[in-house]
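Numbering (numbering that gives the first Met the number 0), first residue to last: 0 to 129.
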Amino acid sequence: MVFYRPITDRAEILNLFPTTPLPTDKIVATYVAEENGAFCGKCMVAVDGQVCEIAKLSVPNGDVLLAEGLLRSALHFAGNRNAYTAVCRENDFRETLLLLGFAEQDGVFTGEIPTLLLGSCCKHNRGANG
């Protein structure tokens with residue numbers, strides 16, 4: 000079973016993303032995915048007022064279901080901190096973002112968090128993949 004765990008300690012976040020500068024004027028968190036105690040993915044989110052940015056997303060082998068879980072966890076985190084709009088520039092996860100309901104314009108994905116959390120995503124593919 001996969002567990003999604005939030006990390007809000009800035010030092011821990013820097014250990015997970017050592018080359019990514021953390022904004023000092025935003026609420027920043029990272030969600031890590033763990034299965035059987037082993038790390039298997041991470042997603043950073045930064046909240047600035049009513050806007051959140053999915054700043055980094057990393058999963059092994061482009062695992063769509065794992066990416067969906069991390070994205071939804073990050074969106075819930077942001078929504079619980081009064082963010083309404085989400086922005087993401089992670090083009091490697093284009094298909095997952097579009098299935099969640101993000102709109103794409105010039106490589107930037109945006110959406111309203113309540114709408115993004117309502118829809119289904121990768122459930123469409125579960126029949127074919129198990």
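Where is the CB? At the ideal position from N, CA and C, for every residue including glycine.
- In this structure the segment 2 to 19 does not touch the segment 78 to 85; the number of beta carbon pairs closer than 8 Å is below three.
- Distance from Val107 to Arg88 at the Cβ level is roughly 6 Å; contact confirmed, criterion being Cβ atoms closer than 8 Å.
- Residue state for Phe92 is assigned as helix, using DSSP reduced to three classes.
- The three-state secondary structure of Ala82, taken from DSSP, is coil.
- In chain order, Tyr83, Thr84 and Ala85 place their CB closer than 8 Å to the CB of Glu111, counting only its own chain and leaving out the 5 sequence neighbours on each side.
- Spatial neighbours of Ala45 in its own chain (CB-CB distance under 6 Å, excluding positions within 5 residues in sequence) are listed in chain order as Pro22, Lys25, Val27, Glu52 and Ala54.
- Under the three-state reduction of DSSP, Thr29 is assigned to strand.
- If you check the CB distance, Val50 and Gly40 do not come in under 8 Å.
- C-alpha of Arg93 to C-alpha of Ala73: approximately 17 Å in a straight line.
- The Cβ neighbour count for Leu115, taken over all protein chains shown within 10 Å, is at least 16; the residue is labelled buried.
- DSSP places Leu117 outside any beta strand (DSSP E); the residue lies instead in the alpha helix (DSSP H), whose first and last residues are Ile112 to Leu117.
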